[in-house]
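S.K.: Those sequence lines, one after another, are chains A and B.
Everything in the first sequence is counted per UniProt numbering, starting at 1 for the first residue and increasing by one.
Everything in the second sequence is counted per UniProt numbering, starting at 1 for the first residue and increasing by one.
Protein chains: 2
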Amino acid sequence: MGGPQYLTGDKASIEAFIDKFDVFLFDCDGVLWSGDHLFPKIPETIDMLRKKGKQLVFVTNNSTKSRGDYKKKFDGMGIQCSEDEVFGSSYSASIYISRILKLHAPKNKVYVLGESGVEQELDSENVPHIGGTDPSLRRDMEPEDFKTIASGEALDPDVAVVLTGLDYHPSYLKYALGMAYLRNGAKFLATNIDSSLPSAGTLFPGAGATSAPLIKASGQEPLALGKPSQAMMDAIEGKFQFDRKKACMVGDRLNTDIQFGIEGGLGGTLAVLTGVSQKEEFLAEGAKVVPSAYVDSLSDLLG
Amino acid sequence: MGGPQYLTGDKASIEAFIDKFDVFLFDCDGVLWSGDHLFPKIPETIDMLRKKGKQLVFVTNNSTKSRGDYKKKFDGMGIQCSEDEVFGSSYSASIYISRILKLHAPKNKVYVLGESGVEQELDSENVPHIGGTDPSLRRDMEPEDFKTIASGEALDPDVAVVLTGLDYHPSYLKYALGMAYLRNGAKFLATNIDSSLPSAGTLFPGAGATSAPLIKASGQEPLALGKPSQAMMDAIEGKFQFDRKKACMVGDRLNTDIQFGIEGGLGGTLAVLTGVSQKEEFLAEGAKVVPSAYVDSLSDLLG
């Protein structure tokens with residue numbers, strides 16, 4: 001069977017590869033763009049796939065943006081996309097909470113460590129939440145806070161879930177509250193646990209990093225609802241209804257994107273080399289996660 | 001040989017136990033006090049040991065305070081103590097950097113993630129440092145920061161070490177800078193990696209928790225210079241010059257204090273039940289870390 005197929009520059013193989021699939025699931029950061037930098041000829045590549053009648057789903061672990069935010073980002077980048085085609089880890093987590101956990105009022109609140117993307121998606125599923133972007137938590141911890149958290153006075157008794165995502169505004173107070181809720185028995189969920197976030201051509205701390213204080217302090221691991229969690233794949237299939245064998249996952253990270261596609265039993269996986277993982281990682285003898293094919297960059301699919 | 005000896009209420013055994021040692025190493029939080037709450041009869045207990053001619057060393061993993069800060073806290077609590085008797089994890093880390101690493105200028109700066117205790121102890125060893133309590137880093141991450149960190153413009157080329165301690169003022173910007181220095185090859189040290197901090201009768205995130213984003217984001221583990229690291233025991237012995245067989249470690253945490261004493265080959269270890277660990281943990285069949293003796297609270301040594 002050999003290693004992964006290298007498609008860049010090989011017109012016939014590219015065409016054959018594309019023809020095998022009805023659905024393409026795309027990771028975004030590291031595939032379409034890096035932060036605010038759009039990679040060359042991405043809009044044209046997406047258009048080409050649409051013209052061939054492919055169904056496209058944009059699957060992102062970035063929890064800071066809602067589907068609506070993402071749609072705006074696609075618009076700004078000049079990439080055609082509808083809000084319905086976006087599937088983010090905040091949406092995945094919100095669906096899990098509303099449709100799987102099915103919490104009953106009054107003990108149905110979510111304490112959020114994250115940005116507005118998480119809050120918007122919880123709102124879209126009518127899940128009550130606290131924390132998140134609440135400006136009253138973006139302050140220093142005061143001696144009084146130790147007492148009111150310890151006594152429970154500062155805690156909302158209706159919190160049943162702690163949900164962490166990427167938080168650009170961490171504070172000791174927010175971590176102390178999250179730790180207290182977890183010690184009180186709240187369920188621990190994460191939109192995703194990516195250690196890093198690609199931006200500006202390098203790596204910054206990801207959701208797994210800004211959630212790490214709660215993991216360390218509580219001694220608990222969260223259930224992660226983003227890639228490579230199959231809870232996310234199940235939710236995507238539930239929404240879009242497709243044959244997994246006719247679907248291909250496209251991404252830059254072996255241990256999230258490619259693993260996500262392989263574990264989900266998709267017909268194929270395509271690695272692009274514009275993000276985190278290097279080809280040496282999957283071409284190495286004994287590599288654990290190996291894509292079906294790879295290209296230097298996504299626009300190589302234009303042939 | 002049996003389990004640990006229970007001393008509370010047993011006057012003869014207490015006297016025999018105390019007589020075995022010339023030196024007592026004390027953990028502070030959870031032993032003498034919890035946060036700002038002094039436990040009963042602690043000053044009297046310390047006085048009793050001094051009258052018996054014991055050498056006392058107060059060994060604390062709390063990195064937010066310098067030895068000078070600690071001396072003030074002892075004074076405020078009414079416990080007799082000299083600054084020289086205090087040995088904190090920030091001091092331990094500073095000694096490691098100045099006397100073991102022996103960095104050469106100009107590449108000899110330490111990027112600090114922590115409070116003023118770390119900075120004061122670095123100053124006491126003439127180690128240059130940045131970060132820490134610098135108010136310009138206690139702000140939101142801006143889009144421009146991603147670019148200047150990625151380009152290296154925001155980084156000090158003379159940083160050779162990233163040192164993390166308990167940080168009550170974490171920020172995404174501080175974590176992003178720390179991650180960049182580590183990716184550039186800086187050595188990763190931690191004053192300590194305690195997961196939690198006892199305060200107000202419960203547990204809050206510790207230095208290990210506020211350092212966790214850098215551990216997760218970099219994929220590297222820091223060398224921890226606090227308990228139970230034997231680097232700290234070596235530094236204590238180097239400073240105070242004593243026979244380890246005639247020394248006893250007193251503490252509330254099995255996996256830091258008691259382990260620290262056992263691994264250091266001390267003559268004895270004494271657990272107190274006023275902090276994190278419960279007696280069930282060391283009395284259980286197959287317990288891994290077992291003290292030589294235990295008391296309900298330190299003042300039980302008064303008999």
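The C-beta atom is built at its ideal place from N, Cα and C for all residues, glycine as well.
Given the structure is predicted, the values throughout are model-derived calculations rather than measurements.
1. Would G208/B pass as an interface residue toward chain A - the criterion being a Cβ-Cβ separation below 9 Å?
2. Scan the segment 140 to 153 of chain A for residues whose Cβ lies nearer than 7 Å to a Cβ of chain B and list them as they occur along the chain.
3. Could you check whether the Cβ of F39/A sits closer than 9 Å to any Cβ belonging to chain B?
4. Shorter than 9 Å from the beta carbon of K227/B to some beta carbon of chain A?
5. Return helix, strand or coil for Y168/B, following the three-state DSSP convention.
6. Rounding to the nearest angstrom, what Cα-Cα distance links D145/B and P205/A in this structure?
7. Determine, for A200/B, whether the minimum Cβ-Cβ distance to residues of chain A falls below 9 Å.
8. Grouping DSSP H, G and I as helix and E and B as strand, with all else coil, what is residue 305/A?
9. Rounded to whole angstroms, what is the Cα-Cα separation between S136/A and S171/A?
10. K51/B: beta carbon under 8 Å from a heavy atom of the ligand SAH?
11. Taking only beta-carbon positions, decide if H129/B is within less than 9 Å of chain A.
12. Find the nearest neighbour of L302/B within the set R138/B, L25/B, K51/B and D140/B, judged by alpha-carbon distance.
13. Output yes if chain A places a C-beta closer than 9 Å to the C-beta of F26/B; else output no.
14. With a threshold of 9 Å between beta-carbons, can M48/B be considered close to chain A, or not?
15. Excluding the 5 residues flanking V159/A on each side, which residues of the same chain have their C-beta closer than 6 Å to its C-beta?
16. I'd like to know whether the C-beta atoms of G178/A and I193/A end up nearer to each other than 9 Å.
17. Taking DSSP's pairing of strands, which residues face Y91/A in a bridge?
18. Comparing C-alpha positions only, which one of D27/A, S195/A, Q230/A and G226/A sits nearest to P213/A?
19. Residues of chain B with CB under 9 Å from Y175/A, in chain order?
20. Could you compute how far the alpha carbon of G238/A sits from the alpha carbon of E285/A?
21. Taking a Cβ distance cut-off of 9 Å, strictly less, list which residues of the segment 213 to 225 of chain A are near chain B, in chain order.
22. Would you call the CB atoms of M249/A and D243/A closer than 9 Å?
23. Leaving out the 5 sequence neighbours to the left and right, which residues in its chain are closer than 6 Å to D19/A when beta-carbon positions are compared?
24. Look at the alpha carbon of I149/B and the alpha carbon of H169/B, and state the distance between them as a whole number of angstroms.
25. When burial is assigned at 16 or more other CB atoms within 10 Å of the CB, is Q278/B buried or exposed?
26. Is there a C-beta anywhere in chain B that falls below 9 Å from the one on R253/A?
27. Could you spell out the range, first to last residue, of the beta strand (DSSP E) harbouring A271/A?
28. Are F21/B and K246/B touching if we call contact CB-CB under 9 Å?
29. Taking the C-alpha atoms as reference points, what is the distance between residue 304/A and D10/A?
30. Could you name the residues of the same chain whose beta carbon sits closer than 7 Å to that of S124/A, not counting the 5 residues immediately before and after it, in chain order?
31. Apply the 10 Å Cβ neighbour rule to T7/B and answer buried if 16 or more other Cβ atoms are within range, or exposed otherwise.
32. So, at 6 Å on beta carbons, what are the nonlocal neighbours of D300/B in its own chain, with the 5 sequence-adjacent residues on each side left out?
33. If we ignore side chains and look at the alpha-carbon of each, how far apart do Q5/A and P157/A end up?
34. In chain A, which residues lie with their C-beta within 8 Å of the C-beta of G35/B?
35. So who's on the other strand from Y111/A, going by DSSP bridges?
36. I'd like to check one pair, E119/B with K65/B: are the Cβ atoms closer than 9 Å?
M.R.: This is what the structure gives:
1. yes
2. D140, M141, F146, K147 and A150
3. no
4. no
5. coil
6. 13 Å
7. yes
8. Absent from the model: residue 305/A. The displayed extent of chain A is 1 to 303, so no value can be given.
9. 11 Å
10. The ligand content of the structure shown is nil, which means the ligand SAH is not present either.
11. no
12. K51/B
13. no
14. no
15. K109, Y111, Y181 and A186
16. no
17. Bridge partners of Y91/A: none, in fact.
18. S195/A
19. P170, F204, P205, A209 and T210
20. 36 Å
21. P213, L214, I215, K216, A217, S218 and G219
22. no
23. none
24. 20 Å
25. exposed
26. no
27. G268 to V272
28. yes
29. The structure shown does not extend to residue 304/A, since chain A is modelled only from 1 through 303, so no value can be given for it.
30. S94
31. According to the sequence provided, residue 7/B is Leu. The question's Thr does not apply to it. Looking at its Cβ environment, which holds 16 or more other Cβ atoms inside 10 Å, L7/B is buried.
32. T8
33. 55 Å
34. F146
35. I130/A and V162/A
36. no
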